[in-house]
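In what follows, a single structure is set out as C-alpha cells and then discussed.
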Amino acid sequence: MDGSTGHSPYKQSKMTCDDQLFVVSMVPLRLVLKDGSAVIWANHTPSSARFCRPISIQYIRESTSLTAETARNMEKEIDELLPLQSASATVSYELYMTMVDGKVVNAVTGTPSSQTCSICGATPRAMNNLEAVSTRPIRNLQYGISTLHCWIRAMEALLRIAYRIRLCKRTARDDQEKKLVEETKQEVQSKLRERLGLRVDEPRTGGAGNSNDGNTARRAFQSAKEFAACTGVDERLVRRVHVILQAVSSFYTVNSAALADYCRQTAELYVELYGWYYMPVTLHKLLMHSATVVEWCLLPIGAMSEEAAESGHKQLRKFRLKHTRKDSRLHAISDLYGYLLVSSDPLVSSIGASRRRRRYRDKVSQLLPETVALLREPELPSSNDEVYGSDSGSDTSSCSDDDSDSSCCSDV
Ligand SMILES: [Zn+2]
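Here the sequence shown is numbered in the working numbering, starting from 5 and rising by one per residue.
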C-alpha cells in the first residue's frame, strides 16, 4: 500500500482531493503444490508493474491513521480468505505484507519516529553502539526491509556524511559551521553532476520530494570509485553497502550467515570511520537486521520488495489521464480500476515475457563477485522447478533510464 501523488485534478462534483490516490495492491509470486514438490507457475518479474494487481483505490491523501486502518482491514481480510475450490484442485493462499515503505511500516507498527528502528526500537543515539543494538529483542520482521527504499536512503546517508565530512560533527551549531556544510554540499553536488551525471538532493520541479530516486542511487553505487572520489566517503564502505544492497535486491537465495558476517563487518567499518554520525535508520536496518529478515522470508528477499507498487504509480497517472471517462468521479475510478486489472492480468502479462526478459537482460547490472559469495549454493532443480531470473522484463520497470516511477519514493 502506498500513496500516489501528482495526478491531474479534474472539475468533478463531490471531489475534495483528486490529485492524490491511496492504492493497495498485490503481486502474485508463485503457485506451488501443497507439499512443495513442484512449482506450477512463477512470476519471473516480481518487481514489474505488469503483475501488480489492484485491491483498492481511494481518492484520499496518505496519512498515518489511514495507513494503520487500511493495514488492519487487509490483515482481517487475509485471515478470512477461503481456499478456492474447484473439481480438480483446491487453491489456498499465503499473503505477506512486504510491499510497503518505511512510512507505512512505521504507521502499522506504531513506531513513534521515522528515526527509530521499527524492528529493534533503537533510537539514533543507540545506533552506533553495535554491541547493545545487536542484543535488543526484534519484532515486525514480516514487513521486510523495503529494498528499493534502502538504495535511496543508503545513498542519502552517505551524502549526509559527505556534507559534514570536513566538520566531523553530526550537527552544525553556529553560522560558520553551517556555511562549511553548505559549501561542501554544493561542491559534492557539482562534482556528482559533472563526473557521474547525477542530480542529488535537488528539489523536484512542480512537486514534492527531491531528485533522489532509485535510478540515481543504483548508478551512484555502480560507480563506487567515482562516487567515493566525488563525496570523500571511504570507497570500501561505498562498495560494501553496494554489495549488501545487491544481495538483498537479488532474486537468488541469500546465505543469511554469510550476509550477517558481511553486514557486521560493514557496520564496524562504519563506526570506525564515521562514529561521529549516528547511523541513519535505513542503514542500521540494512546492516543489523537484513540477515534476520532474509532468514524469515519464504522467497528470495528481492522478490518481496515494494518496487512493483512504486513502478505502478507512473502507470496509474497515465491510465487515469488517458483511459478514464472524466464526466464523473465514479466513472473515472471504475475505468481506472478496470484498466489496471486488464494491464496486470497474469495471463496477458505472461505473453511475450521471455522475449522481454531477453531484451532487458543486457541492461541489468551484473552482480559483484562479493555479492555472488553471499548467495547460497543452488540446489539441483527438479524437472518442474522454476528459477527466478534477475531481470526487469518490463517496459515499465524502474530500471529504465527514462522512468520516473521510483522517484515517487523520494517523497516518502
Ligand atoms: Zn534495529
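Ideal placement from N, C-alpha and C gives every residue a C-beta, glycine not left out.
Of the residues Q319, A307 and S260, which one's Cα is nearest the Cα of A295? The sequence position of residue 295 within the sequence shown is 291, counting from 1. Ranking the options by Cα distance to A295, first place goes to S260.
Helix, strand or coil: which one does DSSP assign to R197? In the sequence shown, the residue the question calls residue 197 occupies position 193. Reduced to three states, the DSSP call for R197 is helix.
From the DSSP secondary-structure annotation, give me the bridge partner or partners of V185. Translated into the one-based positions of the sequence shown, residue 185 becomes position 181. DSSP lists no partner for V185.
Can the beta-carbon of R333 be found less than 8 Å from the beta-carbon of Q62? By one-based count along the sequence shown, residue 333 stands at place 329. By one-based count along the sequence shown, residue 62 stands at place 58. With respect to the 8 Å criterion, R333 and Q62 are not classified as neighbours on the basis of their beta carbons.
Separation of E230 from Y266, as counted between CA atoms: In the sequence shown, the residue the question calls residue 266 occupies position 262. In the sequence shown, the residue the question calls residue 230 occupies position 226. Going from the Cα of Y266 to the Cα of E230 covers about 23 Å.
Measuring from the CB of A158, is there a heavy atom of ligand 1 at a distance below 7 Å? Residue numbering aside, residue 158 sits at position 154 when the sequence shown is read from its first letter. Every heavy atom of ligand 1 is 7 Å or more from the Cβ of A158, so no.
Comparing the CB of A126 with every heavy atom of ligand 1, is any distance shorter than 7 Å? Position 122 of the sequence shown, counted from the first residue, corresponds to residue 126. A126: yes, Cβ under 7 Å from ligand 1.
Is V137 a contact residue of ligand 1, with contact defined as CB to any heavy atom under 7 Å? Sequence index remark: in the sequence shown, residue 137 carries index 133 (1-based). Flag set: Cβ of V137 near ligand 1.
Taking the runs of the alpha helix (DSSP H) that are 4 residues or longer, which of them lie wholly in the segment 65-89? For the segment 65-89, whole alpha helix (DSSP H) runs of length 4 or above, ordered along the chain, are 68-83.
Going by DSSP, name the residue or residues bridged to Q62. Against the sequence shown, residue 62 aligns to sequence position 58. Note: Q62 sits in a beta bridge opposite F26.
Over what stretch of residues does the beta strand (DSSP E) that includes W45 continue unbroken? On the sequence shown, position 41 is the one that residue 45 refers to. Per DSSP, W45 belongs to the beta strand (DSSP E) from V43 to A46.
Could you tell me whether any non-hydrogen atom of ligand 1 is closer than 7 Å to the CB of M283? Here the question's residue 283 lines up with position 279 in the sequence shown. M283 Cβ: outside cutoff for every heavy atom of ligand 1.
If we count the other Cβ atoms within 10 Å of its Cβ and call it buried at 16 or more, is S51 buried or exposed? Translated into positions along the sequence shown, residue 51 becomes position 47. Buried.
Residue span of the alpha helix (DSSP H) that contains L241, given as start and end: Indexing the sequence shown from 1 puts residue 241 at position 237. Taken as a continuous stretch (DSSP letters only), the alpha helix (DSSP H) holding L241 covers E239 to S253.
Closest to I142 by CA distance: which of P373, I165 and G125 is it? Here residue 142 is taken as the residue at index 138 of the sequence shown, counted from 1. Comparing Cα-Cα distances from I142 to each of P373, I165 and G125, the minimum goes to G125.
Could you spell out the range, first to last residue, of the alpha helix (DSSP H) harbouring G7? Residue 7 sits at position 3 when you count from the first residue of the sequence shown. That residue, G7, is in no alpha helix (DSSP H); its beta strand (DSSP E) goes D6 to S8.
In whole angstroms, give me the CA-to-CA distance for T270 and V245. Working through the sequence shown from its first residue, we reach residue 270 at position 266. Working through the sequence shown from its first residue, we reach residue 245 at position 241. Computed Cα separation, rounded: 7 Å.
Burial state of G114, where buried means 16 or more other Cβ atoms lie within 10 Å: Sequence index remark: in the sequence shown, residue 114 carries index 110 (1-based). So G114 ends up on the exposed side.
Between the segment 80-93 and the segment 273-290, do three or more beta carbon pairs fall short of 8 Å? no
Just to confirm, are Y147 and V185 a CB contact at a threshold of 8 Å? Working through the sequence shown from its first residue, we reach residue 147 at position 143. Working through the sequence shown from its first residue, we reach residue 185 at position 181. Not closer than 8 Å, so no.
In terms of DSSP beta bridges, what is P207 paired with? Translated into positions along the sequence shown, residue 207 becomes position 203. DSSP lists N214 as partners of P207.
With a Cβ-Cβ cutoff of 8 Å, do V297 and I149 count as a contact? Position 293 of the sequence shown holds residue 297. Position 145 of the sequence shown holds residue 149. In this structure, V297 places its C-beta atom within 8 Å of the C-beta atom of I149.
Element boundaries [beta strand (DSSP E), containing L35]: In the sequence shown, the residue the question calls residue 35 occupies position 31. Note, L35: beta strand (DSSP E), R34 to V36.
Within the continuous alpha helix (DSSP H) that includes G316, where are the two ends? If you number the sequence shown from 1, residue 316 lands on position 312. Unbroken alpha helix (DSSP H) run through G316: E311 to K326.
When you compare the CB positions of S194 and R203, do they come within less than 8 Å of one another, or not? Taking the sequence shown and counting its residues from 1, the one referred to as residue 194 is at position 190. Taking the sequence shown and counting its residues from 1, the one referred to as residue 203 is at position 199. Not a contact, by the Cβ cut-off of 8 Å.
For K318, the nearest candidate out of L33, C21 and A53 (CA to CA): Mapped onto the sequence shown, residue 318 falls at position 314. The option with the nearest alpha carbon to K318 is A53.
Quick check on DSSP: helix, strand or coil for D395? Against the sequence shown, residue 395 aligns to sequence position 391. No answer about D395 holds up, because its pLDDT of 39 lies below 50 and its placement is not dependable.
Under DSSP, the alpha helix (DSSP H) around V346 begins and ends at which residues? Counting from 1 along the sequence shown, the entry for residue 346 is found at position 342. If you look at V346, you'll find it in the alpha helix (DSSP H) that goes R333 to S347.
Excluding the five sequence neighbours on either side, which residues of its own chain have a C-beta within less than 6 Å of the C-beta of L325, listed in chain order? Numbered from 1 along the sequence shown, position 321 holds the residue referred to as residue 325. The answer, listed in chain order, is S12.
Under 8 Å between the Cβ atoms of M308 and Y97? Here residue 308 refers to the residue found at position 304 of the sequence shown. Here residue 97 refers to the residue found at position 93 of the sequence shown. No; because the gap between Cβ atoms is not below 8 Å, this pair is not in contact.
Using a Cβ-Cβ cut-off of 7 Å (strictly less than) and excluding sequence neighbours within five positions of L196, which residues of its own chain qualify? For the purposes of this step, residue 196 is taken as residue 192 along the sequence shown, with counting starting at 1. So the list reads L202, V204 and C234, once near-sequence residues are dropped.
Do the segment 157-164 and the segment 216-230 meet, that is, are 3 or more Cβ pairs less than 8 Å apart? yes
Just to confirm the assignment, what range does the alpha helix (DSSP H) spanning W300 have? Counting from one through the sequence shown, the residue named residue 300 turns up at place 296. Residues S294 to W300.
Between the Cα of S117 and those of T68, M78 and L302, spot the shortest distance and give me the residue it belongs to. On the sequence shown, position 113 is the one that residue 117 refers to. When only C-alpha atoms are compared, the closest one is T68.
Excluding the 5 residues preceding and the 5 following I169 in the sequence, name in chain order all residues of the same chain whose CB lies nearer than 6 Å to its CB. Taking the first residue of the sequence shown as position 1, residue 169 is located at position 165. Cβ neighbours of I169 beyond the five flanking positions: G236.
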